[in-house]
Amino acid sequence: MNQEKLAKLQAQVRIGGKGSARRKKKVVHRTATADDKKLQSSLKKLAVNNIAGIEEVNMIKDDGTVIHFNNPKVQASLSANTFAITGHAENKQLTEMLPGILSQLGADSLTSLRKLAEQFPRQGGSHVLPSLAQGSP
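Read left to right, the sequence shown gives residues 1 to 137 (full-length UniProt numbering).
See the structure below:
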């Protein structure tokens, strides 16, 4: 190797200036695929089983937003009390999901939905319905 290249490489290893200690190790940043492989291997150790037939998963947060998975891959290990839901997730507002999500809401979510409905101002003020007069023939 060339002496200039070697000196250049040695200079890059130092944290401070001349006379300071060299760094202990180079930090290698992981990619998302490496994290996914590690997660899958951990799930395999827990002996998770695939659960088929689940079309959607909705996780309702305290602030009224919903994490929505459409056609997720659901895995579960009842002995380890572990559930894994993987797939494309979307963050949506509770109002966007309303017609189809009403049957899935619990008591806590229904009270937050009532509070959300009270926040919206009533449209058009107070309307009095006119009485329909029956005319005699």
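By construction, the Cβ of each residue, glycine as well, lies at the ideal position given by its N, Cα and C atoms.
Counting only the Cα atoms, LEU6 lies some 54 Å from HIS68. The Cβ atoms of LEU94 and GLY64 lie closer than 8 Å to each other. Pairing VAL48 with GLN75 gives a Cβ-Cβ distance under 8 Å. Per DSSP, VAL13 is one residue of the alpha helix (DSSP H) stretching across 3-13. In the three-state reduction of the DSSP assignment, SER103 falls in the helix class.
Taken atom to atom, the span from the alpha-carbon of THR111 to that of GLU118 is near 11 Å.
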